[in-house]
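Here is the structure we will look at, set down as structure tokens.
Chains as they are written, first to last, in this note's numbering: chain A, 1 to 179; chain B, 1001 to 1116.
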């Protein structure tokens, strides 16, 4: 990388690292080690200039698209490996972050159930919900990251929400009291 | 409308909790970046080996093609030489051959059908 480009990009990558990792985690269906591999591959592509920021969109949108594409490629590769080698690898659960101080055991279990339900959603539904509620992007920006039309993104968003609503029922509609 | 708002707030809260949990065990940027750099240097070291393998394979293919070409050329030349020799011998036989006797002509009658 050119010194100027590398320093500016490195600073941006560093600033977005947490969000990037979380996004990679969502793209990999919650598998911690896959997410780490994907993020490493993304950084490698940037280092080798195989992925270049052209300036047509925001840096974050571009980075998230690269992560999404790398994760999709990795998932495809794993699927092919599983089909041809007939090897079933157990999904690695993310290391538990433990309990949030002050949160009850019941709340922690509920949170686990929520995260599992989220990871079981179809890929695009999971992605749009993550981008909108976790990253705070608009549906339009989420559509740009996902490389789908605004209408399609909206549809995935609604379907994902309704699936979670079905699973968690009344708890979704009741205003939540902070603990 | 109010339900929708509640739903969105609920979702944001869940995601916020998820963020808090995840961020406590995320690997540091420097760690992931260093791993990527290590992978890059490893892949750079592997490039010459890869090229060596490719060069060896190409050389083998070229060598095999050369041998096959040489073999087919010599084979063609040899068969042409054999053909020429045969032609020479055949020509000589046709020129100098004489029937030792006329007995065969005496026994064959041209008006009767030849016996099977």
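We put the CB at the ideal spot given by N, CA and C, even for glycine. This one's a predicted model, so the numbers in the text were calculated from it and none came from an experiment.
Distance, Cα to Cα, residue i vs residue j?
i: residue 162 (chain A); j: residue 150 (chain A); result: 18 Å
i: residue 152 (chain A); j: residue 128 (chain A); result: 10 Å
i: residue 28 (chain A); j: residue 115 (chain A); result: 13 Å
i: residue 179 (chain A); j: residue 52 (chain A); result: Caution is warranted here: a pLDDT of 41 is assigned to residue 179 (chain A), below 50, making its placement in the model unreliable, and the coordinate value is therefore given only provisionally. Approximately 44 Å between the Cα atoms of the pair.
i: residue 59 (chain A); j: residue 1029 (chain B); result: 17 Å
i: residue 1064 (chain B); j: residue 1088 (chain B); result: 36 Å
i: residue 1015 (chain B); j: residue 1023 (chain B); result: 12 Å
i: residue 1062 (chain B); j: residue 1069 (chain B); result: 10 Å
i: residue 47 (chain A); j: residue 158 (chain A); result: 38 Å
i: residue 169 (chain A); j: residue 50 (chain A); result: 45 Å
i: residue 165 (chain A); j: residue 72 (chain A); result: 27 Å
i: residue 140 (chain A); j: residue 1011 (chain B); result: 19 Å
i: residue 1078 (chain B); j: residue 1084 (chain B); result: 10 Å
i: residue 177 (chain A); j: residue 1006 (chain B); result: Because residue 177 (chain A) sits at a pLDDT of 48, beneath the cut-off of 50, its placement in the model cannot be relied upon, and the following sentence gives the value as read from the coordinates. Taking the straight line joining both Cα atoms gives about 11 Å.
i: residue 84 (chain A); j: residue 1076 (chain B); result: 48 Å
i: residue 1081 (chain B); j: residue 1074 (chain B); result: 10 Å
i: residue 1066 (chain B); j: residue 1092 (chain B); result: 39 Å
i: residue 1101 (chain B); j: residue 1086 (chain B); result: 26 Å
i: residue 6 (chain A); j: residue 105 (chain A); result: 45 Å
i: residue 1 (chain A); j: residue 160 (chain A); result: The pLDDT assigned to residue 1 (chain A) is 49, lower than 50, so where the model puts this residue is not dependable; a value taken from the coordinates is nonetheless given after this. So the two alpha carbons sit approximately 40 Å from each other.
i: residue 1049 (chain B); j: residue 1071 (chain B); result: 33 Å
i: residue 1004 (chain B); j: residue 22 (chain A); result: 26 Å
i: residue 1056 (chain B); j: residue 77 (chain A); result: 29 Å
i: residue 1094 (chain B); j: residue 1103 (chain B); result: 20 Å
Is there a C-beta anywhere in chain E that falls below 9 Å from the one on residue i?
i: residue 1051 (chain B); result: Although the question refers to chain E, the structure presented lacks it and instead comprises the protein chains A and B.
Considering only the alpha carbon of each residue, which of the options lies closest to residue i?
i: residue 112 (chain A); options: B:1017, B:1079, B:1074; result: B:1017
i: residue 1009 (chain B); options: A:132, A:13, A:144, A:15; result: A:132
i: residue 34 (chain A); options: A:11, A:143, A:67, A:56; result: A:67
i: residue 61 (chain A); options: A:167, A:160, A:147, A:154; result: A:147
i: residue 1036 (chain B); options: A:23, A:43, A:31; result: A:43
i: residue 144 (chain A); options: A:64, A:22, A:21; result: A:64
i: residue 26 (chain A); options: A:56, A:109, A:70; result: A:70
i: residue 17 (chain A); options: A:30, A:36, A:6; result: A:36
i: residue 119 (chain A); options: A:11, A:20, A:24; result: A:24
i: residue 108 (chain A); options: B:1054, B:1103, B:1020, B:1038; result: B:1020
i: residue 121 (chain A); options: A:11, A:30, A:15, A:22; result: A:30
i: residue 110 (chain A); options: B:1013, B:1090, B:1102; result: B:1013
Here's a check: name, in chain order, each residue in its chain whose Cβ is nearer than 6 Å to the Cβ of residue i, leaving out the five neighbours to either side.
i: residue 142 (chain A); result: 128, 131, 132, 153
i: residue 9 (chain A); result: none
i: residue 137 (chain A); result: 131
i: residue 124 (chain A); result: 156
i: residue 1053 (chain B); result: none
i: residue 167 (chain A); result: 117
i: residue 82 (chain A); result: none
Near residue i, what residues of its chain come up, given a Cβ to Cβ distance below 7 Å and the 5 sequence neighbours on each side ignored?
i: residue 3 (chain A); result: With a pLDDT of 49 at residue 3 (chain A), under the threshold of 50, the modelled position of this residue cannot be trusted, and the question is left open.
i: residue 1051 (chain B); result: none
i: residue 19 (chain A); result: 135
i: residue 11 (chain A); result: none
In chain order, what residues of the same chain have a beta carbon less than 8 Å from the beta carbon of residue i, not counting five sequence neighbours either side?
i: residue 74 (chain A); result: 28, 34, 37, 38, 41
i: residue 13 (chain A); result: 20, 43, 46, 63
Is residue i near the ligand SAH, going by C-beta to nearest heavy atom under 8 Å?
i: residue 121 (chain A); result: Absence of the ligand SAH from the depicted structure is noted, as is the absence of any ligand whatsoever, leaving it without description.
*What are the residues of the stretch 31-48 of chain A that lie near chain B, defined by any Cβ-Cβ distance shorter than 7 Å?*
36, 39, 40, 43, 44, 47, 48
*Between the stretch 132-154 of chain A and chain B, which residues of the former have CB atoms less than 7 Å from a CB of the latter, in chain order?*
133, 134
*asked:* So within the stretch 109-174 of chain A, which uninterrupted alpha helix (DSSP H) runs reach at least 4 residues, ignoring any that extend past its ends?
replied: 123-129, 139-146, 150-168, 170-173
*Check each residue of the stretch 55-74 of chain A: if its Cβ is closer than 8 Å to any Cβ of chain B, include it; give the result in chain order.*
none
_Contact list for the stretch 1017-1030 of chain B against chain A, Cβ threshold 7 Å_ = 1017, 1018, 1019, 1020, 1021, 1022, 1023, 1024, 1025, 1026, 1027, 1029
*Please name the residues in the stretch 12-25 of chain A whose beta-carbon is closer than 8 Å to at least one beta-carbon of chain B, in chain order.*
13, 14, 17, 18, 21, 22, 25
*Looking at chain A, which residues of the stretch 1034-1045 of chain B have a Cβ within less than 7 Å of any of its Cβ atoms?*
1035, 1036, 1037, 1039, 1040
*Listed in chain order, which residues of the stretch 109-122 of chain A have Cβ atoms closer than 7 Å to some Cβ of chain B?*
111, 114, 115
*For the stretch 24-81 of chain A, list the alpha helix (DSSP H) runs that are entirely contained and at least 4 residues long, ordered along the chain.*
32-47
_Residue ranges of each beta strand (DSSP E) within the stretch 1017-1061 of chain B, 3 or longer_ = none
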